[in-house]
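**Q**
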Amino acid sequence: MSKLLRIFITIGWLLAMCLPSQGQTADQTIRIAMTPAFLHDQHAMLAEWRSYLQQHTKRPVEFIQRDRYRETIDLLQQQKVDFAWVCDYPYLVLKNDVKLLAVALHEGKPYYQAYLIVPASDTKTRSIVDLKGSIFAFADPYSNTGYLSPRFEVKRSGADPATFFKRTFFTWSHRKVIDAVASGVAQGASVDSYVWESLAKVRPDITAKTRIAWKSEPYGFPPMVAQRNVSAADFALMQGVLMDMQNNAQGLALLKRLNLDGFIKGSPKLYDGVAEMMRQFGEP
Amino acid sequence: MRLFDLSLRYKMPLWGGGLILATALALSASFMLQAWDNLHHDLQKNAEDLGRITARALFPVMLHDEVWQAFEVVSLPFVANPETALTESLVVFDNQQRVYVSSNSHEHTLLQPMASLDPEFAALSSELPMAPDAPVHVRDAGDAQHIYVALPVAADGVRLGTVVVAYHKSLLWQRFSQLLLNAIGITLLVLGVLLPISAYWGRRMMRPMQWITERIRHIGDPDMTAIDPALYPYRDEVGLLYRAYADMHARLQEKAVLEKEMVKSERMAAVGRLTASIAHEINNPLGGMLNTLSTLKRYGNPDPVLQKSVSLLERGLSQVRDTVAALLVEAKVKSRPLSPTDLDDVRILVGHAGKKHATHLAWRVDLPNEVPLPSTLVRQVLINLLLNAISAAGQHGHVSLKVSASEQHLLIVVENDGQSLSPEQLNRLFEPFTQFSDSGNGLGLWICYQIVTQMGGTIQAQSDTVLTRFTVNLPCNSPENT
Numbered sequence: 400m401s402k403l404l405r406i407f408i409t410i411g412w413l414l415a416m417c418l419p420s421q422g423q424t425a426d427q428t429i430r431i432a433m434t435p436a437f438l439h440d441q442h443a444m445l446a447e448w449r450s451y452l453q454q455h456t457k458r459p460v461e462f463i464q465r466d467r468y469r470e471t472i473d474l475l476q477q478q479k480v481d482f483a484w485v486c487d488y489p490y491l492v493l494k495n496d497v498k499l500l501a502v503a504l505h506e507g508k509p510y511y512q513a514y515l516i517v518p519a520s521d522t523k524t525r526s527i528v529d530l531k532g533s534i535f536a537f538a539d540p541y542s543n544t545g546y547l548s549p550r551f552e553v554k555r556s557g558a559d560p561a562t563f564f565k566r567t568f569f570t571w572s573h574r575k576v577i578d579a580v581a582s583g584v585a586q587g588a589s590v591d592s593y594v595w596e597s598l599a600k601v602r603p604d605i606t607a608k609t610r611i612a613w614k615s616e617p618y619g620f621p622p623m624v625a626q627r628n629v630s631a632a633d634f635a636l637m638q639g640v641l642m643d644m645q646n647n648a649q650g651l652a653l654l655k656r657l658n659l660d661g662f663i664k665g666s667p668k669l670y671d672g673v674a675e676m677m678r679q680f681g682e683p
Numbered sequence: 009m010r011l012f013d014l015s016l017r018y019k020m021p022l023w024g025g026g027l028i029l030a031t032a033l034a035l036s037a038s039f040m041l042q043a044w045d046n047l048h049h050d051l052q053k054n055a056e057d058l059g060r061i062t063a064r065a066l067f068p069v070m071l072h073d074e075v076w077q078a079f080e081v082v083s084l085p086f087v088a089n090p091e092t093a094l095t096e097s098l099v100v101f102d103n104q105q106r107v108y109v110s111s112n113s114h115e116h117t118l119l120q121p122m123a124s125l126d127p128e129f130a131a132l133s134s135e136l137p138m139a140p141d142a143p144v145h146v147r148d149a150g151d152a153q154h155i156y157v158a159l160p161v162a163a164d165g166v167r168l169g170t171v172v173v174a175y176h177k178s179l180l181w182q183r184f185s186q187l188l189l190n191a192i193g194i195t196l197l198v199l200g201v202l203l204p205i206s207a208y209w210g211r212r213m214m215r216p217m218q219w220i221t222e223r224i225r226h227i228g229d230p231d232m233t234a235i236d237p238a239l240y241p242y243r244d245e246v247g248l249l250y251r252a253y254a255d256m257h258a259r260l261q262e263k264a265v266l267e268k269e270m271v272k273s274e275r276m277a278a279v280g281r282l283t284a285s286i287a288h289e290i291n292n293p294l295g296g297m298l299n300t301l302s303t304l305k306r307y308g309n310p311d312p313v314l315q316k317s318v319s320l321l322e323r324g325l326s327q328v329r330d331t332v333a334a335l336l337v338e339a340k341v342k343s344r345p346l347s348p349t350d351l352d353d354v355r356i357l358v359g360h361a362g363k364k365h366a367t368h369l370a371w372r373v374d375l376p377n378e379v380p381l382p383s384t385l386v387r388q389v390l391i392n393l394l395l396n397a398i399s400a401a402g403q404h405g406h407v408s409l410k411v412s413a414s415e416q417h418l419l420i421v422v423e424n425d426g427q428s429l430s431p432e433q434l435n436r437l438f439e440p441f442t443q444f445s446d447s448g449n450g451l452g453l454w455i456c457y458q459i460v461t462q463m464g465g466t467i468q469a470q471s472d473t474v475l476t477r478f479t480v481n482l483p484c485n486s487p488e489n490t
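Those sequence lines, one after another, are chains A and B.
So for the first sequence, the working numbering puts the first residue at 400; every next one is plus one.
So for the second sequence, the working numbering puts the first residue at 9; every next one is plus one.
1. Identify which residue in A:R627, A:Y618, A:Y488, A:A558 has its Cα closest to the Cα of A:H505.
2. Sort B:T473, B:Q462, B:Y457 by Cα distance to B:E423 and report the nearest one.
3. Taking Cβ positions only, does A:K575 come closer than 9 Å to chain B?
4. For a cutoff of 9 Å on Cβ pairs, would you count B:S113 as touching chain A?
5. Using 8 Å as the cut-off, can you tell me whether the segment 328 to 336 of chain B makes contact with the segment 271 to 287 of chain B, which would need three or more C-beta pairs spanning the two stretches below that distance?
6. Per the contact definition of three or more C-beta pairs closer than 8 Å, is the segment 488 to 503 of chain A in contact with the segment 446 to 454 of chain A?
7. Below 8 Å CB to CB, which residues in the same chain sit around B:Q388 once its five sequence neighbours on both sides are set aside?
8. Return yes when the Cβ of A:G545 is within less than 9 Å of the Cβ of A:V584, no when it is not.
9. Quick one: measure Cβ to Cβ for B:M70 and B:F101, integer angstroms, because I've assumed they're closer than 8 Å.
10. Step through the CB atoms of chain B and report whether any lies within less than 9 Å of the CB of A:A519.
11. Would you grab the beta carbon distance between B:L369 and B:I391 for me? Rounded to a whole angstrom, and I think it's under 8 Å.
12. Tell me where the beta strand (DSSP E) around A:I429 begins and ends.
13. First and last residue of the alpha helix (DSSP H) that includes B:P241?
14. Classify B:L395 as buried or exposed, calling it buried when 16 or more other Cβ atoms lie within 10 Å of its own Cβ.
15. Which residue or residues does DSSP assign as beta-bridge partners of B:F478?
16. Does the beta carbon of B:F508 come closer than 9 Å to any beta carbon on chain A?
17. Specify the secondary structure class of A:G681 as computed by DSSP and reduced to three states.
18. Note down, in chain order, each residue of its chain lying with its Cβ closer than 7 Å to the Cβ of A:K565, except the 5 sequence neighbours on either side.
19. Kindly indicate which residue of B:A413, B:A401, B:G450, B:L434 has the alpha-carbon position closest to the one of B:Q427.
20. Compute the Euclidean distance between the alpha carbons of A:A513 and B:Q42, then round it to the nearest angstrom.
21. Report the three-state DSSP secondary structure of B:H365 (helix, strand or coil).
22. State yes or no: is the C-beta of B:K305 nearer than 8 Å to some heavy atom of the ligand FAD?
23. Report back the beta-carbon spacing between B:V318 and B:K305 to the nearest angstrom; my notes put them in contact at under 8 Å.
24. Residues in its own chain within less than 6 Å of A:M684 by CB, not counting five upstream and five downstream?
25. Check each residue of the segment 553 to 569 of chain A: if its Cβ is closer than 9 Å to any Cβ of chain B, include it; give the result in chain order.
26. Quick one: what's got a C-beta closer than 8 Å to B:A131's C-beta in the same chain, skipping five residues either side?
27. Beta carbon of A:L474, beta carbon of A:A501: below 9 Å?
28. Leaving aside the five residues before and after B:K19 along the sequence, list all residues of the same chain whose C-beta is less than 6 Å from its C-beta, in chain order.
29. Between A:V584 and chain B, is any beta-carbon pair separated by less than 9 Å?
30. Note down, in chain order, all residues in the segment 71 to 83 of chain B with a beta-carbon under 8 Å from any beta-carbon belonging to chain A.
31. What residues from chain B crowd round A:I534, counting only those whose CB sits closer than 8 Å?
32. Within its chain, find whatever has a CB closer than 8 Å to the CB of B:H365; leave out the 5 residues flanking it on each side and keep chain order.
33. If you follow the beta strand (DSSP E) that B:F101 is in, where does it begin and where does it stop?
34. If you run the structure through DSSP and keep just helix, strand and coil, what is B:L409?
35. Among residues of its own chain, excluding the 5 on either side of B:D353, which ones have a beta-carbon nearer than 6 Å to its beta-carbon?
36. Chain A partners of B:V100, CB-CB under 8 Å?
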């Protein structure tokens, strides 16, 4: 009687030891940080994308949305997320903490630009130099097109970016930068071309209140990155699922709503231009 | 026609409607005045509340110098209702009174000094208290287009700036006009219900008055009809008027009948007196003349021609004497009392005439043994009435006689189903020489009338399309008959 009980207890103990280690790989949630590098306020689309990823990775997927890049950088450094869609600037800041997972293709190319936008009523501005002494909106201090690029242009013109504008402020999202110019709060702003083009498709009434005064050279598209401790298997799984999106109807429909054409593996070389700008501002 | 000459039927609803209209207007006007005051107060209160909430939300935002978040805070009230942004705006100023952010950034550029925005803001700028604990400052200048409510953005004695809620006065009017439209709508609705009710009640109240007025206006007319009491069954003043009218109408009718009767009996009395005096005047010489003729016949010349003439004269005068005798009805004849056998005699006496016309004679006599009335006169009346009835009933006509007696009265009713009598005929029925048939001398009913009136009784004739009825009522113990 007691012998039999001991056997049962042993079997039960063994099972209890085995089950969590089984679930470690099969049930562990994949956490992806989403940033304002794209129109991250399309909540219905995000919910669909999440369920698509769950379906194809066969793992629970959690999207973690943060407005400020700094918060996402922290999450990656603290290893609280596995993957993140970030701007190229944070990617370079985090170069030692993350691996390049995939790069999205916008209009067939892994590039995007900075758009210098002004209110539609302003028909004179041709470059950032014309906006001296104006009210200027930045997206995020860790944004390339929304902060680094316009300041770089000011610096290139020989002026001091710190005093060039009368007043600057951060909206903490490219989408809101466009709102700031459209509502007349800012007299100029630099914005992610991909976000502006995507917004032009869903809310042309807002983008119509702005005018693109100048376009920058192409930069590497905001990349999907993996936190450095993500296992090779998860890395490969996620990369595979993302790159496979263009091969099925549901994935294609989602890509269309994201205003993208697909994902490629990409190369860190895409971001050399941005790295150069950073160096000019004394950042490693 | 003057307004005050209008029928009450129109005047009552007009006055009622006028009063309702005046009441509705007075009430609406007072409500609207009150509403204007309330609206003004509410709007200011709302602006204060909005300013207070915004100021509280703005403090941490301004502390962190988050311009965009500040903009999101001040534009939040206008997100759901973009039209309100046209009449209302929220402007945040820093401590240097420069625009920090505004819900209407197209007009209020960031860092623009308050005094340079427009003259109204300039005036506000000059009077704005800048103490950290400054109370709500309201600027509602008569000549200004906007009302300003300014509150400090402050916490714990530190002031970061000022939030100003500015709303165009047209907003007040815009909201008031909505209220006004509602009030007008409701007033019209109420009037639309009350005015027809007032008109209906006015007319309904006046209708019985109208009816009675019409009757009273035609009060002297001969075709005046009695009023139906069901027309106005209530016991209020109008009901009393109806009853008074009905009473008056009945009395007038009675009086008219009485007057008619009086005229008739006076006329009959006059005719009677005239007839009697003429008859007496004729009777006196007539007796002498007849005596003279008798003497002449007996003792005069036996010439046959003369004798023939005398006889002729005698016959003529005899006829005159008979006629006069008939006119001179003498009711003071001593006679035995009436007994049932007298009725049997009468039946035999009229039987011949009845047979001649094949008349159906209905005979209902209910007499005690004796009635203290002179039998000769009653027989005369019965015979006259029955012969007239048989004659009027015509061939195969129906005639009925009803005689009944009580302690005080003898009632005789003679009916026939012959041609009815016209009102004109009825009126002159008992006058002498009134002939309605080819036979007879027109004295039969005259004699009846004279006999009955002299005996203190009454005789009446009624005639409708079916029957003609003579009713004789004789008092049994009248002094004339004893």
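Just so it is clear, CB atoms sit at the ideal spot from N, CA and C, and this is done for glycine as well.
**A** With the given structure in hand:
1. The residue you call residue 505 of chain A lines up with position 106 of the first sequence. Minimum Cα distance to A:H505 is reached at A:Y618.
2. Position 415 of the second sequence, counted from the first residue, corresponds to residue 423 of chain B. For the residues B:T473, B:Q462, B:Y457, the minimum Cα distance to B:E423 belongs to B:T473.
3. For this step, residue 575 of chain A is matched to residue 176 along the first sequence. Judged by the 9 Å Cβ criterion, A:K575 is in contact with chain B.
4. Residue mapping note: residue 113 of chain B aligns to position 105 of the second sequence, counting from 1. Yes, its Cβ sits closer than 9 Å to a Cβ of chain A.
5. yes
6. no
7. Counting from 1 along the second sequence, the entry for residue 388 of chain B is found at position 380. Only I455, C456, I459 meet the Cβ criterion.
8. Here residue 584 of chain A refers to the residue found at position 185 when the first sequence is read from its first residue. Here residue 545 of chain A refers to the residue found at position 146 when the first sequence is read from its first residue. Contact flag unset, no.
9. Here residue 70 of chain B refers to the residue found at position 62 when the second sequence is read from its first residue. Here residue 101 of chain B refers to the residue found at position 93 when the second sequence is read from its first residue. Not quite, the Cβ-Cβ distance comes to about 10 Å (not below 8 Å), so this is no contact.
10. As a first step, residue 519 of chain A must be located in the first sequence, where it is residue number 120. No - not a single Cβ of chain B is within 9 Å of the one on A:A519.
11. Here residue 369 of chain B refers to the residue found at position 361 when the second sequence is read from its first residue. Here residue 391 of chain B refers to the residue found at position 383 when the second sequence is read from its first residue. Contact doesn't hold; Cβ gap of about 13 Å is too wide.
12. Along the first sequence, one-based indexing puts residue 429 of chain A at 30. Where A:I429 is concerned, the enclosing beta strand (DSSP E) stretches over 429 to 433.
13. Translated into positions along the second sequence, residue 241 of chain B becomes position 233. Counting along the chain, B:P241 falls outside any alpha helix (DSSP H), and DSSP gives it neither H nor E.
14. By 1-based counting over the second sequence, the position of residue 395 of chain B is 387. Buried, because 16 or more other Cβ atoms sit within 10 Å of the Cβ of B:L395.
15. Here residue 478 of chain B is taken as the residue at index 470 of the second sequence, counted from 1. Looking at the DSSP assignment, B:F478 forms a beta bridge with B:V422, B:A469.
16. Not covered by the structure: residue 508 of chain B. The range shown for chain B is 9 to 490.
17. In the first sequence, residue 681 of chain A corresponds to position 282, counting from 1. Three-state DSSP puts A:G681 in coil, outside helix and strand.
18. Taking the first residue of the first sequence as 1, we reach residue 565 of chain A at position 166. Within the same chain, A:K565 has close Cβ partners G532, S533, I534.
19. The count along the second sequence starts at 1 and reaches residue 427 of chain B at position 419. The shortest Cα separation from B:Q427 among B:A413, B:A401, B:G450, B:L434 belongs to B:A401.
20. Taking the first sequence and counting its residues from 1, one reaches residue 513 of chain A at position 114. Taking the second sequence and counting its residues from 1, one reaches residue 42 of chain B at position 34. One C-alpha to the other measures close to 59 Å.
21. Counting from one through the second sequence, the residue named residue 365 of chain B turns up at place 357. Reduced to three states, the DSSP call for B:H365 is coil.
22. As for the ligand FAD, it is missing from this structure, which has no ligand bound.
23. Mapped onto the second sequence, residue 318 of chain B falls at position 310. Mapped onto the second sequence, residue 305 of chain B falls at position 297. Contact holds; Cβ gap of about 5 Å.
24. For chain A, the structure presents residues 400 to 683; residue 684 of chain A sits outside this window and is missing.
25. K565, R566, T567, F568, F569
26. By 1-based counting over the second sequence, the position of residue 131 of chain B is 123. If we look at B:A131 and ignore the five residues flanking it on each side, its Cβ neighbours are R147, A149, A152.
27. What you label residue 474 of chain A is simply residue 75 of the first sequence in a count that begins at 1. What you label residue 501 of chain A is simply residue 102 of the first sequence in a count that begins at 1. No, Cβ-Cβ distance for A:L474 and A:A501 is not below 9 Å.
28. Within the second sequence, residue 19 of chain B is the residue found at index 11, counting from 1. Same-chain partners within the cutoff: there are none.
29. Indexing the first sequence from 1 puts residue 584 of chain A at position 185. Taking Cβ atoms only, chain B reaches closer than 9 Å to A:V584, which makes this a yes.
30. D73, E74, V75, W76, F79, S83
31. The residue given as residue 534 of chain A occupies position 135 in the first sequence. Neighbours of A:I534 on chain B, chain order: T117, L118, L119.
32. In the second sequence, residue 365 of chain B corresponds to position 357, counting from 1. Closer than 8 Å at Cβ, skipping near neighbours: I398, S399, A401, G402, Q403, H404, G405.
33. Within the second sequence, numbered from 1, the residue matching residue 101 of chain B stands at position 93. Counting along the chain, the beta strand (DSSP E) containing B:F101 begins and ends at 96 to 102.
34. Translated into the one-based positions of the second sequence, residue 409 of chain B becomes position 401. DSSP places B:L409 in strand when its eight states are reduced to three.
35. Counted from its first residue, the second sequence places residue 353 of chain B at position 345. Contacts found: none.
36. Here the question's residue 100 of chain B lines up with position 92 in the second sequence. What B:V100 touches in chain A: nothing, since even the nearest Cβ is about 11 Å away.
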